[in-house]
Amino acid sequence: MNAKVWLVGAGPGDPELLTLKAVRALREADVVLIDDLVNPAVLEHCVEARVVTVGKRGGCRSTPQDFIHRLMLRYTRQGKCVVRLKGGDPCIFGRGGEEAMWLRERGVEVELVNGITAGLAGATNCAVPLTLRGVSRGVTLVTAHTQDDSRLNWRALAEGGTTLVVYMGVAKLEEIRQQLLDGGMAADMPVAMIENASLPQQRECRSELAHMHEDAQAFALKSPAILVIGRVAGSEQAAYLAAASA
Ligand code: SAH
């Protein structure tokens with residue numbers, strides 16, 4: 045195997061949601077750099093890889109991005125095959141794009157492998173269809189968290205009429221609610237808040253836009269969680285799906 049970096053999505057948590065390609069990469073890896081939110085159970089596919097934890101929860105607090113870049117470069121220069129394992133999909137709020145660019149600029153071969161992103165898994169596991177004929181013609185994935193404090197155009201999102209899937213939103217529920225209400229979204233818009241999607245400890249809290257913050261507090265919603273905001277999260281849609289699959 046030539047030295048290269050595989051930027052691999054490990055999926056939302058359930059190890060069975062790993063792709064076959066991810067499994068092959070893990071089998072071939074000499075080194076695996078494992079990120080936050082990756083279920084360590086997926087490491088059972090490694091044959092003889094050295095595993096390095098580079099996430100906040102791995103005891104390193106936040107490993108600086110620059111350090112991770114250089115670590116990957118160093119291993120490839122030693123001729124090693126590196127798997128950088130990320131939660132969900134590497135390119136959905138996962139820095140996969142920036143890592144791939146950084147490595148390619150330095151002549152490193154990079155291969156990206158999709159993972160199932162948390163938003164898709166969370167919605168599906170709660171019987172929320174993100175698109176549904178006659179109800180939602182699209183999905184928008186957004187993050188409520190930015191490093192530079194830049195603002196999303198919540199008004200455009202409120203008016204857009206697509207299902208919204210919000211990542212990293214738990215600490216910003218109050219702000220999200222206000223922005224969407226100010227943008228003209230209906231106060232009774234259904235919201236599903238899904239914690240630990242696809243894991244045995246998955247929990248879901250159903251609410252409506254106007255009181256999602258209070259409901260989340262009463263539920264003690266914790267990160268990692270995604271929010272699905274849209275008519276598709278309404279109980280009538282869940283009943284429709286249940287009837288359709290019966
Ligand atoms: N690349 C990842 C997202 C990383 S950003 C992906 O594609 O899923 C981290 C955010 O993802 C968390 O704050 C949370 O909003 C969401 N997330 C990741 N895993 C999750 C899970 N199992 N359940 C619910 N949300 C999750």
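45 is the number of the first residue of the sequence shown in the numbering used here; add one for each residue after it. Glycine included, every Cβ here is placed at the ideal spot set by N, Cα and C. Please read these numbers as outputs of a predicted model, since none were measured by experiment.
Residue i: CB within 7 Å of a non-hydrogen atom of the ligand SAH
i	result
Ser251	no
Asn240	yes
Ser267	yes
Thr161	yes
Lys130	yes
Gly205	no
Phe137	yes
Tyr119	no
Pro56	yes
Gly278	no
Ile273	no
Gly166	yes
Ile112	no
Leu243	yes
Met212	yes
Leu81	yes
Beta-bridge pairing of residue i - partner residues as DSSP gives them
i	result
Met237	Cys249, Leu271
Ser94	Here residue 94 is Arg; the residue named in the question, Ser, does not match the sequence. Looking at the DSSP assignment, Arg94 forms a beta bridge with Val75.
Cys125	Lys48
Leu185	Val209
For residue i, the three-state DSSP class (helix, strand or coil)
i	result
Ile78	strand
Gly55	strand
Val179	coil
Gly131	coil
Val157	strand
Asp226	helix
Leu61	helix
Phe137	coil
Gln109	helix
Pro173	coil
Thr190	coil
Val152	coil
Pro244	coil
Ala215	helix
Ala277	helix
Cβ-Cβ separation, residue j to residue i (assumed contact under 8 Å), whole Å
i	j	result
Gly205	Leu185	That pair is no contact at about 15 Å.
Lys130	Val214	The Cβ separation is near 20 Å, so there is no contact.
Ala54	Asn83	7 Å
Asn169	Ser242	6 Å
Leu275	Val179	The sequence given here places Arg at residue 275; Leu does not occur at that position. Their Cβ separation, rounded to whole angstroms, is 5 Å, which keeps Arg275 and Val179 in contact under 8 Å.
Arg160	Leu271	Checking the displayed sequence, the identity of residue 160 turns out to be Ile instead of Arg. Contact doesn't hold; Cβ gap of about 18 Å is too wide.
Thr207	Leu253	Wrong, their Cβ atoms sit about 13 Å apart, outside the cutoff.
Val152	Val49	6 Å
Below-8 Å beta-carbon distance, residue i vs any chain C residue
i	result
Pro56	In the structure shown, chain C cannot be found, because there is only a single protein chain.
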